[in-house]
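Take the sequence shown: its position 167, counting from 1, is numbered 167 in full-length UniProt numbering, and each next residue is one higher. Think of the CB as a built atom: it goes at the ideal place given N, C-alpha and C, for glycine as much as any other residue. Note sheet for the following structure.
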Amino acid sequence: MGLAEWRRSKIREYPITEFFYFAMIENLDNLLRYGILPKNEVIKSGWDYVSFAEESVQDRRHVRDIELTNHTTVTIHDLVPVYLVPRTPTLSARRDCQDRIFFIVISADILTQENIEFAFSDGNAASKKTKFFNSLYKLKHIPWDVLKADYWNDFPDGKRKRNAEFLIFHRIEPKYFQRIVICNPNLQENCKKLVEQAGLSLDVVLDGSYFFT
């Protein structure tokens with residue numbers, strides 16, 4: 001069995017089929033054209049990226065070293081963070097701007113590509129409690145009970161655990177995008193135009209279940 005098939009078989013055991021990335025609507029055009037870049041690459045590119053990140057949290061992420069599947073070490077800001085579920089504490093803290101937020105749903109098959117390296121966590125990557133893993137044999141350490149639950153507050157340390165992430169090196173190309181999800185119907189037509197202008201074939205879906213509505 002080759003690497004791609006082995007990785008696919010491991011992620012299907014749980015199963016992991018999709019990842020979730022959310023951002024402000026002002027960033028959609030660049031993301032559709034160029035893919036999702038890690039924070040350090042966004043800074044180098046000079047993009048006018050609209051961020052909702054808390055700087056104190058970003059400072060902790062910037063200096064955290066992560067060992068990848070190929071055993072090289074990079075910082076979190078050299079990686080693209082994606083979630084295993086859409087409704088996270090990170091999104092909950094931004095309820096007041098959800099009408100300007102969109103999700104990109106990403107195929108988990110990106111992990112099967114031989115040029116893709118990654119790691120994953122058992123919780124919020126900025127937390128000192130969080131552990132990181134670089135082998136799909138370790139998927140059991142992801143807090144699946146918290147991720148599958150309706151409410152993370154029902155679990156000890158649930159807020160941290162619900163923010164479990166996959167961290168992908170070094171970018172996510174648009175060919176792995178599956179659909180765009182929004183909760184504001186006023187954004188739908190503009191999103192569709194941006195998808196068309198980028199030369200992509202993606203549905204723009206209204207789905208409140210991704211959000212805290």
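- Under DSSP, residue 51 shares a beta bridge with no residue.
- Counting along the chain, residue 65 sits inside the beta strand (DSSP E) bounded by residues 65 to 67.
- Taking 8 Å as the upper bound for CB-CB distance, residue 87 and residue 212 are in contact here, some 7 Å apart.
- Straight through space, the alpha carbons of residue 78 and residue 42 are spaced by roughly 10 Å.
- Counting along the chain, the unbroken beta strand (DSSP E) around residue 203 starts and ends at 203 to 206.
- If you check the CB distance, residue 20 and residue 74 do not come in under 8 Å.
- Take residue 65, set aside five residues on each side of it, and the residues of its chain with a beta-carbon closer than 8 Å to its own are 73, 74 and 75, in chain order.
- Taking C-beta separations shorter than 8 Å and ignoring five residues to either side along the sequence, the partners of residue 113 in its chain run 4, following chain order.
- For residue 119, the enclosing beta strand (DSSP E) starts and ends at 117 to 121.
- Check the Cα spacing between residue 10 and each of 140, 184 and 186: the tightest is with 140.
- Taking the C-beta atoms as reference points, residue 102 is found nearer than 8 Å to residue 25.
- Only residues of its own chain outside the window of five on either side were considered, and among them 28, 29 and 32 have a CB closer than 7 Å to the CB of residue 194, listed in chain order.
- One alpha carbon belongs to residue 34, the other to residue 157, and they sit about 36 Å apart.
- Going by DSSP, residue 11 is part of the alpha helix (DSSP H) stretching over 3 to 12.
- According to DSSP, residue pairing for residue 18 in a beta bridge involves 107.
- In the DSSP assignment, residue 179 is bridged to 105 and 203.
- Bounds of the alpha helix (DSSP H) holding residue 91 are 89 to 92.
- For residue 85, no beta strand (DSSP E) encloses it, and the DSSP letter there is neither H nor E.
- At the C-beta level, residue 98 and residue 183 come within 8 Å of one another.
- According to the DSSP assignment, residue 43 belongs to the alpha helix (DSSP H) that extends over 39 to 45.
- Within the region 130 to 188, the runs of beta strand (DSSP E) at least 3 residues long that lie entirely inside it are, in chain order, 165 to 169 and 177 to 182.
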